[in-house]
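For reference, the structure discussed in these notes is given below.
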Ligand SMILES: [Fe+2]
């Protein structure tokens, strides 16, 4: 299963940097090497990459037909990816974005309510058997909600946050978000928005 996200990208860029350093070529790698400690992938680039990973899994689910074990594996991966994504958004990205761009407050609050629905649907999907006639219906509603929320984030308010924060601050935030990924809970109901 394809797995993108920050970890994958970091390892690619690290190996690229090593190769470039060894050959003495690659201005991107050298520029990255000179950045201060704590600078990572841009936070918004990282969140958009997560969205792509999840959309890829949704497409796999839509093509999975009548394959219960395949569906289970895809949905479990969706729950894992989205729980981690929501965790870093709620603990780091949203509070920082709201402070940097106060005009986004309404969007942030709406996104938390959307997370609330998604989090409870993920919790139900985790304990619903793929043979249950409601399983596909639950997954369809989850996908609709996530696709809607991704559109809102990417089109309506991430650009405002980018403008307010600038690239360097987004890279620092990205580094903190990448480090926090390993602390994400396994249970979606442990996310802040479960109680929103
Ligand atoms: Fe998101």
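Residue numbers (my numbering): 276 to 471. Note that beta-carbon positions come from the ideal geometry of N, C-alpha and C, so glycine has one too. Since the structure is predicted, the reported quantities are computational estimates derived from the model, not experimental observations.
- Query: Is it the case that the CB of residue 447 approaches a heavy atom of ligand 3 more closely than 7 Å?
  - Reply: Annotation note on ligand 3: not contained in the displayed structure, which lists ligand 1 as its ligands.
- Can you grab the Cα-Cα spacing for the pair residue 377 / residue 388, in whole Å? In this structure, the straight-line span from the alpha carbon of residue 377 to that of residue 388 is close to 18 Å.
- Query: To which residues of the same chain is residue 364 closer than 8 Å at the C-beta, ignoring the five residues directly before and after it?
  - Reply: Hits under 8 Å: 322, 386, 390.
- Looking at the structure shown, is residue 310 part of a helix, part of a strand, or coil, going by DSSP? Any reading at residue 310 must be qualified, since the residue scores a pLDDT of 49, below 50, and its modelled position is unreliable; the value itself is stated next. Residue 310 falls in the coil class under three-state DSSP.
- Can you tell me the Cα-Cα spacing of residue 357 and residue 454, whole angstroms? So the alpha carbons of these two residues sit roughly 16 Å apart.
- Taking C-beta to C-beta, are residue 394 and residue 469 nearer than 8 Å? A contact, by the Cβ cut-off of 8 Å.
- Task: Look at the alpha carbon of residue 457 and the alpha carbon of residue 414, and state the distance between them as a whole number of angstroms.
- Result: Here the C-alpha atom of residue 457 lies approximately 26 Å from the C-alpha atom of residue 414.
- Task: For residue 466, count neighbouring Cβ atoms within 10 angstroms of its own Cβ and tell me buried if that reaches 16, exposed if not.
- Result: It is buried - the Cβ of residue 466 has at least 16 other Cβ atoms within 10 Å.
- What did DSSP end up calling residue 404 once you bin it into helix, strand or coil? Under the three-state reduction of DSSP output, residue 404 falls in the coil class, being neither helix nor strand.
- How is the alpha helix (DSSP H) around residue 322 delimited, first residue to last? Here the alpha helix (DSSP H) through residue 322 covers 318-338.
- Task: Alpha carbon to alpha carbon, how far is residue 396 from residue 417? Give it in angstroms, no decimals.
- Result: It is roughly 6 Å from the alpha-carbon of residue 417 to the alpha-carbon of residue 396.
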